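Single-structure report; data block below.
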Amino acid sequence: MIRARLNAFAHAFQSVPHTLCYSVKANSTLAILRLVAGEGAGFDVVSCGELERVLRASPKAAGKVVFSGVGKTAAEMERALRSGILLFNIESASELNLLSATATRWKKPAAVAVRVNPDVSAKTHPYISTGLHQHKFGVPIPEARALYAQAAKQPSLKVAGVSVHIGSQITDVGSFQEALERVADLVRVLREEGHDILYIDAGGGLGISYEGKQGDFEKQIAAYAKAVLGPLRGLNLHLLLEPGRAIVGPAGVLLTRVLYRKTNNHKRFLIVDAAMNDLLRPSLYGAYHEIVPVNRASRETEVTDVVGPICETGDFFARDRRLPLVREGDLLAILDVGAYGAVLASNYNTRGRAAEILVDGAKATVIRRRESVEDQMRMEVSWNGHPN
């Protein structure tokens, strides 16, 4: 599925020079990164840790890496410069100055794009909307020209592009079109002012269905491509795209076992062995995930909550969900967890993070073993003479 979705993106944008820069934050497991690199894609990173994962997975991929994020440190900039990444997406004047100084110190010129904030609503959950003026991301378009002029004066910087990213889990492609229309106007102005704009980084954010209705992905991508490419027609740019969730989201399944059935008055609960530390999205965003029985599909149904064993009322996967009747010991599959699942996992209640298995055709391979308590304690140091 991951390969098929990467290929669908490549096909939809084949009419223009482009590079897919997979968004590492969606799923950063090394095996996934190797798979993505093997299909010729690049990467979008937002930390030095993500960059190190990319370099470990595919050392030759550095030239296709875009470094985004509002809080890059000098050490992160240095590592990225020495690795030879493609582009820095700059989000403030202070960051621009720090990158210039760092590039000068290490005698490594840096290609830059300014991430602009187009003040466009992504029509998504407020926590993952990033394109409005009240958000911390990007530079307002009216202020961007001054930042480009500042960058052009720095010998260690090379103005190379414009970047925009308005949010995540976006299902209305009109939001992409509106944002890119504003970006395209800025590109024309910047070129008139003498800047050599080679790239537009259109970001990512294309959403998926979490209700078990993925539909025709090729048709969805075609609509997205039309929304992105329309405003850019005639600009002769190299397009950078940062898909993440749309690539890996539907590929992931969380398997969990029913530990207990429980009723409080008339309220029914299925207590399962997975928890919010394994999949945080329902607790964090109130996100919906389809849940289906693995073992059997009873014709009888019930309305129930599906909850984990963690000591929080917010530890749930579904509330008042009508599901087929299942028994203690049955397996449930929680669907579409390939993005923002394992990467948001934690050790809350000293629970080990789950094992991960990659299915490639008829072959299933463990790509991350289950985390043990010993793994969790390994980083802690002794105190007051007591061994750990």
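In my numbering, each residue carries its 1-based index in the sequence shown increased by 2. By construction, the Cβ of each residue, glycine as well, lies at the ideal position given by its N, Cα and C atoms. Treat the numbers as computed from the prediction; the structure is a model and nothing was measured.
key: Candidates Val47, Pro111, Leu261, of which the one nearest arginine 329 by Cα   = The candidate whose alpha carbon is nearest that of arginine 329 is Leu261.
message = I'd like the ranges of any beta strand (DSSP E) spanning at least 3 consecutive residues and lying wholly in the region 338-365.
response = Complete beta strand (DSSP E) runs here, min 3: 358-362.
query = Any idea which residues DSSP pairs alanine 335 with across the strands?
reply = DSSP lists Leu257, Val294 as partners of alanine 335.
query = Alpha carbon to alpha carbon, how far is glycine 133 from alanine 186?
reply = Low per-residue confidence applies at glycine 133: pLDDT is 49, beneath 50, and the placement is therefore not dependable, though the value from the model is reported in the following sentence. Taking the straight line joining both Cα atoms gives about 16 Å.
inquiry  = Considering only DSSP beta bridges, list what threonine 306 is partnered with.
reply    = Looking at the DSSP assignment, threonine 306 forms a beta bridge with Arg323.
key: Presumed contact (8 Å Cβ cut-off) between serine 165 and valine 116, rounded CB distance   = Confirmed, Cβ separation roughly 7 Å.
message = Let me make sure I understand the geometry here. Which of Glu80, Arg283, Glu97, Val308 has the alpha-carbon closest to that of proline 295?
response = The option with the nearest alpha carbon to proline 295 is Val308.
ask   = How big is the Cα-Cα spacing for arginine 270 and glycine 42?
value = Annotation: arginine 270 to glycine 42 spans about 48 Å, alpha carbon to alpha carbon.
inquiry  = The beta strand (DSSP E) that contains histidine 13, what's its start and end?
reply    = Note, histidine 13: premise wrong, no beta strand (DSSP E); alpha helix (DSSP H) at 4-14.
task = Compute the minimum distance between the beta carbon of glycine 251 and the heavy atoms of the ligand FAD, and state whether it is under 7 Å.
result = The ligand content of the structure shown is nil, which means the ligand FAD is not present either.
query = On the premise that valine 56 lies in contact with valine 68, defined as a C-beta separation below 8 Å, what is that separation, rounded to the nearest angstrom?
reply = Not confirmed; about 11 Å, so no contact.
message = Could you compute how far the alpha carbon of arginine 323 sits from the alpha carbon of leucine 22?
response = Roughly 37 Å separates the two Cα atoms.
Rounded C-alpha distance that separates glutamate 195 from phenylalanine 15 = Spanning the two alpha carbons is a distance of roughly 29 Å.
ask   = Run through DSSP, which three-state label would leucine 282 get?
value = In the structure shown, leucine 282 adopts coil according to DSSP, grouped into three states.
Boundaries of the alpha helix (DSSP H) in which alanine 153 is found, first to last residue = Unbroken alpha helix (DSSP H) run through alanine 153: 143-154.
ask   = Near glutamate 302, which residues of its chain fall below 6 Å by C-beta distance, leaving aside the five closest residues on each side in sequence?
value = Its chain contains Leu327 as the residues whose beta carbon lies nearer than 6 Å to that of glutamate 302, once the 5 sequence neighbours on both sides are disregarded; these appear in chain order.
query = If we count the other Cβ atoms within 10 Å of its Cβ and call it buried at 16 or more, is proline 233 buried or exposed?
reply = By the neighbour-count criterion, in which 16 or more other beta carbons inside 10 Å mark a residue as buried, proline 233 falls on the buried side.
Per-residue burial, methionine 79 [other beta carbons within 10 Å of its own, 16 or more giving buried] = Here methionine 79 is buried. Its C-beta has 16 or more other C-beta atoms within 10 Å.
request  = Give every residue of the same chain whose Cβ lies closer than 7 Å to the Cβ of glycine 214, excluding the five residues on either side of it in the sequence, and list them in chain order.
outcome  = Contacts found: Glu292, Leu337.
query = How about the region 169-177 and the region 97-111: do they share at least three Cβ pairs that are nearer than 8 Å?
reply = Contact check between the region 169-177 and the region 97-111: fewer than three CB pairs, one atom from each, fall below 8 Å, which does not count as touching.
Residues of its chain near proline 142, where Cβ-Cβ distance is below 6 Å and the 5 sequence neighbours each way are ignored = Asn119, listed in sequence order.
ask   = What residue range is occupied by the uninterrupted alpha helix (DSSP H) comprising glycine 236?
value = Premise fails: glycine 236 is in no alpha helix (DSSP H) and is neither H nor E.
request  = Could you tell me whether the region 247-262 touches the region 4-12, where touching means 3 or more Cβ pairs closer than 8 Å?
outcome  = They touch, by the three-pair rule.
message = Whole angstroms are fine: how far does the CA of aspartate 377 sit from the CA of lysine 264?
response = Distance between lysine 264 and aspartate 377, taken at the CA atoms: about 33 Å.
ask   = From Leu239, Gly363, Glu145, pick the residue whose C-alpha is nearest to that of arginine 1; which is it?
value = An answer regarding residue 1 cannot be provided, because it is not within the stretch 3 to 390 covered by the chain.
task = Would you give the residue range spanned by the alpha helix (DSSP H) that threonine 104 belongs to?
result = Run containing threonine 104: 95-108, per the alpha helix (DSSP H) assignment.
query = Applying the criterion that 16 or more other CB atoms from any shown protein chain within 10 Å of the CB defines a buried residue, is methionine 421 buried or exposed?
reply = Nothing can be reported for residue 421: it is not among the residues displayed for the chain, which extend from 3 to 390.
task = Output the boundary residues of the alpha helix (DSSP H) element that contains isoleucine 34.
result = Residues 32-40.
query = Going straight from the alpha carbon of arginine 370 to that of leucine 32, what length do you get?
reply = Counting only the Cα atoms, leucine 32 lies some 9 Å from arginine 370.
message = On the DSSP bridge list, what partners appear for tyrosine 262?
response = The partner list for tyrosine 262 (beta bridge, DSSP) reads Ile273.
task = Could you give the DSSP three-state label for lysine 66: helix, strand or coil?
result = DSSP places lysine 66 in helix when its eight states are reduced to three.
request  = Use the C-beta contact count for glutamate 382: other C-beta atoms within 10 angstroms, 16 or more gives buried, fewer gives exposed.
outcome  = The C-beta of glutamate 382 has fewer than 16 other C-beta atoms within 10 Å across all chains shown, which makes the residue exposed.
key: Whether glycine 51 touches glycine 65 by CB criterion (8 Å)   = No, the pair does not count as a contact, with Cβ atoms beyond the cut-off.
ask   = Measuring CB to CB, does valine 191 end up less than 8 Å from arginine 235?
value = The criterion of a C-beta distance shorter than 8 Å is not satisfied by valine 191 and arginine 235.
Alpha carbon of leucine 346 to alpha carbon of serine 285, nearest angstrom = Rounded to the nearest whole angstrom, the CA to CA distance from leucine 346 to serine 285 is 12 Å.
ask   = According to DSSP, is leucine 22 helix, strand or coil?
value = Residue state, collapsed to three classes: strand.
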